[in-house]
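S.K.: Residues in the sequence shown are numbered from 2 upward in steps of one, following our numbering. Ideal Cβ placement from N, Cα and C applies to all residues, glycine included.
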Amino acid sequence: MIGDGRASSSGQNQDQVRVSANVITAKGGDSETPTSSTVHFAKFASYKTCSPTAFTSQKIALQVVPVRVEGENGNSVSTWALLDTGSKESFIAKSTADKLRLRVKNFESLAVCTLTGESTVRVGRVDLTVLSMEGRPEGHRSEIKDVKVVEHLHVNMSRPQDLTKWEHLNDIPPPEIGGEEVTLLIGANVPEAHIHEEVRVGGVGEPYAVRTLFGWAIMGPLNGNITSQFNKANVNFLRYGNETLDQQMSQFIALENIYSISSSRKGIMTAVARLRSLRRRLCADEQLCCKYRNSMDDLLRKGYARKLTKDEAAARSPRTWYLPHHGVFHPHKPGKIRVVFDAATLHDGVSLNNQLNRGPDLTNSLLGVLLRFRQERIVLAADIQSMFLQLKVPAEDADALRFLWWEDADFSNPPEEYQMVFHIFGAKGSPSCANYCLKRTADDNKEIFSEEAVNSVQEDFYVDDLLKAVETPGKAISLAHELMALLEKGRFRLTKWTSNSREVLASIPEDKRVRPTVNLDLDQLPIERALGDLWNVEKDVFQFEVFKPDKPATKRRILSTISSLYNPMGFVCPVVLEAKKIMQRLWKLQLAWDDPIPESELAHWELWKSELSALTQVQIPRCHLQRHGEVKEISLHHFSDASDEGYGMCSYLRFLYEDGSIQCSFLIGKSKAMPVRPISIPRLELQAATLSARIYQVCREELTYRIDRVVVWTDSQTTLQ
């Protein structure tokens, strides 16, 4: 393994050394000069200043060995591995993890620290086995748990071509495997990998060899001639740790990581141009103008935004940014308009969003929330009123949330400068901040409120929507009032309560109740969907809402319709699969996106649309438990199958009651169309079984039922073998 070492000279030139962080990045790095890429991790970062500018160019062999990497699924690849005793952790490049189809779990934060600052990337973990490719006949295997997956291991490699010029190395054959990229780093957490069974040492300044359990590795300088040159040094400090929510959110909760923006009025021209366009729209539509003005007045009246004084407006800071804004109508709420501040708008190639940290993803799994929502007979549903607007932004950060508007909506006067003082919908960090505050509210008050209430806040919210199932009306009443009191501690107000129990509803103040049906499309964005799931509260069943697309059928429109099918639990997988097959046939025809589709496929599409309305007659019980009595055993059954049309799986819960009666309930389904490039049915059967295994993992993590038995069913002998 060869890196490019840079040994400093003793020159006195004090030019500044440029620094980059390209060892591990979220995206491919663009390092202009190859660097030595051994990755070292410490509990904290050290900061040092480097000044020499005269460097020596020398090829240095690092401790690299050829290995074979196997995943839990039996897939394997050959690659190069760097044995790094200076790293506490082991890492694998995402490209290799993808080839192995490894299951990534437990995402965490990796802090990349350099002399110029610090950034954070998200890494997942995988389990794998590393096998030697040379050495003992029986070979060596090391099972490594929790290997971190990173986008790239930036290790530049040039293999030694000839070892015969060194007498002590001339009988070591260079290993021959494909590829020149190091995609695995084995750290000190695998101690057996670093045992030296034999060492070959030459003279002073010559490379040496060590025999490890994975074979021979050559280390040291390989070229004797050294050429001085000017170059850049890449100095990297990395910090890895299982940061607590408090540590992570200290960066994000108050927009404290907005980077400095050099222009004093960044975004002002874009904001002015967008405001002129908005004024033309409002002047042309009196009704729209009235709704927009009322929304703006509401923001100001409630203190979510404020008008800047002349002195404040004239003051500038490196963080000053002007946000364009526009109105958004929800397709299911035509009478209501939301003013959205556009943090993604680019000005000179820069937007506010790409200067903000996203923060950790603290949002609960939507599928998990819905699965638990079906577990018990009595349910509660509510949402947090204006969730993002309950989170205040520090004054110094609020300067990045300026916007322009007319006082009293008088378009004849010049626009004034305003400022949002609470988090906005559309800012990259707002969801993470909101979810953190919600969970922190529960954690800070866990000594005052019951464990059930605290756990409900932690697990049964999807962003601002609560979906909770409990055993009895009495428990639901107690929990509802406890949740309202708990969240008031964090200034979160639960509204729009509903329940399938009249007794529970009667206990909720009337001004906080709402909705005979609840739309289970919990997406924050106002997306017009062709198919949506509804929970009919009165009947306690799931129903389907159909919106027939009426625009001309093109490949673009059909793809848009298919993408809008909301089917998280897979109730209508067969219907969705048929639409995917139509899209797949259109893809094979290689039509342009806006070309009319052929008559034969148009007939299939129109038939599919006409049959879609039949779903409005389908009703599926929300609660799995449809009988009264004590449940003796719960088993989970996964069925998978495949054909030349596609493959899929479905899961059922089987309840055995004390009286011997049995009841089954559909849990979840998934389907996929046959790939464009055909593959064999046995291979598809394996894909279907893999899908079952993945869904089993989801069910194991998300369901709170005590599952006594799990059975995976397949009719494929290939899969069973």
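1. Using 10 angstroms around the beta-carbon of A344, count the other beta-carbons present and answer buried if the total reaches 16, otherwise exposed.
2. Enumerated in chain order, which unbroken segments of the alpha helix (DSSP H) with a length of 4 residues or greater are wholly contained in the segment 404 to 449?
3. Whole angstroms are fine: how far does the CA of C574 sit from the CA of A643?
4. According to DSSP, is V78 helix, strand or coil?
5. With distance defined between alpha-carbon atoms, name the residue in L535, K513, E607, M570 nearest to R558.
6. Leaving aside the five residues before and after F253 along the sequence, list all residues of the same chain whose C-beta is less than 7 angstroms from its C-beta, in chain order.
7. For A344, name the three-state secondary structure that DSSP assigns.
8. Exposed or buried, what is K552 when buried is set at 16 or more other beta-carbons lying within 10 Å of its beta-carbon?
9. Report the partner residues of E193 according to the DSSP bridge assignment.
10. What are the boundary residues of the alpha helix (DSSP H) that F374 is part of?
11. Report the rounded CA-to-CA distance for T473 versus V455, giving the unit in angstroms.
12. To the nearest angstrom, how far is the alpha carbon of E703 from that of F374?
13. Just mark L468 as buried or exposed, buried being the case when its beta carbon has 16 or more other beta carbons within 10 Å.
14. For I682, tell me which candidate among G647, K671, F656 has the shortest Cα-Cα distance.
15. Cβ of I723 within 8 angstroms of Cβ of A477?
16. Count the other CB atoms within 10 Å of the CB of F462; is the residue buried (16 or more) or exposed (fewer)?
17. Shortest alpha-carbon distance to E453 belongs to which of G75, L687, A470, H639?
18. Of the residues L668, F342, E448, H326, which one's Cα is nearest the Cα of I621?
19. Assuming A736 contacts Q420 under a Cβ cut-off of 8 angstroms, what Cβ separation, rounded to an integer in Å, is found between them?
20. Would you list the residues sitting across from W167 in a DSSP beta bridge?
21. With distances taken Cα to Cα, identify the nearest neighbour of L186 among Y567, Y697, I145.
22. Less than 8 angstroms separating the beta-carbons of I93 and T184?
23. Across the segment 695 to 702 and the segment 585 to 603, are there enough close Cβ pairs to call them in contact, namely three or more that are closer than 8 angstroms?
24. V455 lies in the alpha helix (DSSP H); which residues open and close that run?
25. Pick helix, strand or coil for I663, following the three-state DSSP scheme.
26. Excluding sequence positions up to five away, which residues of its chain have a Cβ less than 6 angstroms from the Cβ of K1?
27. Should K106 be labelled buried (16 or more other beta-carbon atoms within 10 Å of its own) or exposed?
28. Which one of R212, L392, V150 has the shortest CA to CA distance from E90?
29. Would you identify the three-state DSSP class for F330, choosing helix, strand or coil?
30. Among the residues of its own chain, which have a CB less than 7 angstroms from the CB of P416, if the five just before and after it don't count?
31. How far does the beta strand (DSSP E) with H638 in it extend, from its first residue to its last?
32. Would you identify the three-state DSSP class for K303, choosing helix, strand or coil?
33. Helix, strand or coil for R623, going by three-state DSSP, please let me know.
M.R.: With the structure as the only source:
1. Locating residue 344 in the sequence shown gives position 343, where the first residue counts as 1. That one is buried.
2. 431 to 445
3. By 1-based counting over the sequence shown, the position of residue 643 is 642. By 1-based counting over the sequence shown, the position of residue 574 is 573. Going by the C-alpha atoms only, they are around 14 angstroms apart.
4. On the sequence shown, residue 78 is found 77 positions in, with the first residue counted as 1. V78 falls in the strand class under three-state DSSP.
5. The count along the sequence shown starts at 1 and reaches residue 558 at position 557. Of the listed residues, the one whose Cα sits closest to R558 is E607.
6. Within the sequence shown, numbered from 1, the residue matching residue 253 stands at position 252. In this predicted model, F253 has a pLDDT of only 38, less than 50, meaning its place in the structure is not dependable; the value taken from the coordinates is given anyway. Answer for F253: N358, G360, G430, S433, C434, listed in chain order.
7. Within the sequence shown, residue 344 is the residue found at index 343, counting from 1. Correct three-state label for A344: coil.
8. As a working mapping, residue 552 is identified with position 551 in the sequence shown. Exposed: under 16 other Cβ atoms inside 10 Å.
9. Start at 1 with the first residue of the sequence shown, and residue 193 comes out as number 192. Answer is none; E193 lacks a bridge partner.
10. As a first step, residue 374 is located in the sequence shown; it is residue number 373 there, counting from the start. 367 to 374 is the span of the alpha helix (DSSP H), which, as asked, contains F374.
11. Against the sequence shown, residue 473 aligns to sequence position 472. Against the sequence shown, residue 455 aligns to sequence position 454. Taking the straight line from one Cα to the other gives about 18 angstroms.
12. Residue 703 sits at position 702 when you count from the first residue of the sequence shown. Residue 374 sits at position 373 when you count from the first residue of the sequence shown. The alpha-carbon atoms of E703 and F374 are separated by roughly 11 angstroms.
13. Your numbering for residue 468 matches position 467 in the sequence shown. Result: buried.
14. By one-based count along the sequence shown, residue 682 stands at place 681. Nearest option by C-alpha distance: G647.
15. With the chain running from 2 to 722 in the structure shown, residue 723 is simply not present.
16. The count along the sequence shown starts at 1 and reaches residue 462 at position 461. The residue is buried, with at least 16 neighbouring Cβ atoms inside 10 Å.
17. Translated into positions along the sequence shown, residue 453 becomes position 452. Measuring from the Cα of E453, the nearest candidate turns out to be A470.
18. Within the sequence shown, residue 621 is the residue found at index 620, counting from 1. It is L668.
19. Because the chain spans 2 through 722 in this model, residue 736 falls outside it and cannot be assessed.
20. As a working note, residue 167 is residue 166 in the sequence shown. In the DSSP output, where bridge partners are listed per residue, W167 has none listed.
21. On the sequence shown, residue 186 is found 185 positions in, with the first residue counted as 1. Selected option, being the one with the closest Cα: I145.
22. Translated into positions along the sequence shown, residue 93 becomes position 92. Translated into positions along the sequence shown, residue 184 becomes position 183. In this structure, T184 lies closer than 8 angstroms to I93 by Cβ.
23. no
24. On the sequence shown, position 454 is the one that residue 455 refers to. Counting along the chain, the alpha helix (DSSP H) containing V455 begins and ends at 452 to 460.
25. The residue given as residue 663 occupies position 662 in the sequence shown. Looking at I663 - three-state DSSP - the assignment turns out to be strand.
26. Since the first residue of the chain shown is 2 and the last is 722, residue 1 is not available in this structure.
27. In the sequence shown, the residue the question calls residue 106 occupies position 105. K106 comes out exposed.
28. Position 89 of the sequence shown, counted from the start, is the residue given in the question as residue 90. With distances taken between Cα atoms, E90 lies closest to V150.
29. Within the sequence shown, residue 330 is the residue found at index 329, counting from 1. If DSSP states are grouped into helix, strand and coil, F330 belongs with the strands.
30. For this step, residue 416 is matched to residue 415 along the sequence shown. Within the same chain, P416 has close Cβ partners L276, L405, W406, W407.
31. Taking the sequence shown and counting its residues from 1, one reaches residue 638 at position 637. Start and end: 632 to 644.
32. Residue numbering aside, residue 303 sits at position 302 when the sequence shown is read from its first letter. Coil, per DSSP.
33. Indexing the sequence shown from 1 puts residue 623 at position 622. Note: R623 maps to coil in three-state DSSP.
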